[in-house]
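Novice: Got a structure here, written out as structure tokens. Questions coming.
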Amino acid sequence: MFMLENSSKIKRLSKTMEISEIRVLMKYELLRRATTRQAVTNINSVFGIQVATNASVARCFKKFRSGDFDLSNEPRGRPKAQVDNDVLKATV
17 MFMLENSSKI KRLSKTMEIS EIRVLMKYEL LRRATTRQAV TNINSVFGIQ
67 VATNASVARC FKKFRSGDFD LSNEPRGRPK AQVDNDVLKA TV
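Numbering-wise (our numbering), the sequence shown opens with residue 17 and increments by one.
The structure is reproduced here in structure tokens:
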């Protein structure tokens, strides 16, 4: 295991990590046969507290075990409203 001399480097790194990068770490931990708790401890010990949570790792592990190794975000929530500006102007 490596150690960075300056803990502020770790804090900056963890703030700039994308969720897909964190999922790569989770995939690595799964392939190492780490438990959920071990994966959370390993990831957070390097990148900072709350980069990975038990719930997020458990969800990813479940997804990976089902054979879905897609690391991108899935769309969530309602679709964006489609507003026709011409119709809007005509009604105002």
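Virtual Cβ for every residue (Gly too), placed ideally from N, Cα, C.
The model shown is predicted, which means the values in this text are computed figures rather than measured ones.
So K50 and N58 are in contact, right, with Cβ under 8 Å, and what is the actual spacing, rounded?
Specialist: Just to set this straight, residue 50 is Ala in the shown sequence, not Lys. Sure, about 7 Å apart at Cβ, within 8 Å.
Novice: Select from T107, V67 and S82 the residue whose C-alpha is nearest the C-alpha of E34.
Specialist: Taking only the C-alpha atoms, the option nearest E34 is V67.
Novice: So, with DSSP's three-state summary, where would you put E45?
Specialist: E45 falls in the helix class under three-state DSSP.
Novice: From S109 to A55, what distance separates their C-alpha atoms?
Specialist: No answer is possible for residue 109: the residues shown for the chain start at 17 and end at 108.
Novice: For R53 and V62, I'd like the C-alpha separation in whole angstroms.
Specialist: Looking at the two C-alpha atoms, the distance is approximately 15 Å.
Novice: Taking the alpha carbon of D77 as the reference point, which residue from D86, L46 and G93 has its own alpha carbon closest?
Specialist: Note that residue 77 corresponds to Phe in the displayed sequence, not to Asp. Looking at the Cα atoms, L46 is the closest of the given residues.
Novice: Out of I38, Y44 and L87, which has the shortest C-alpha to C-alpha gap to I65?
Specialist: The residue with the shortest Cα to Cα distance from I65 is I38.
Novice: Quick check on DSSP: helix, strand or coil for F63?
Specialist: Correct three-state label for F63: helix.
Novice: By DSSP, does E34 sit in helix, in strand, or in coil?
Specialist: E34: coil per DSSP, three-state reduction.
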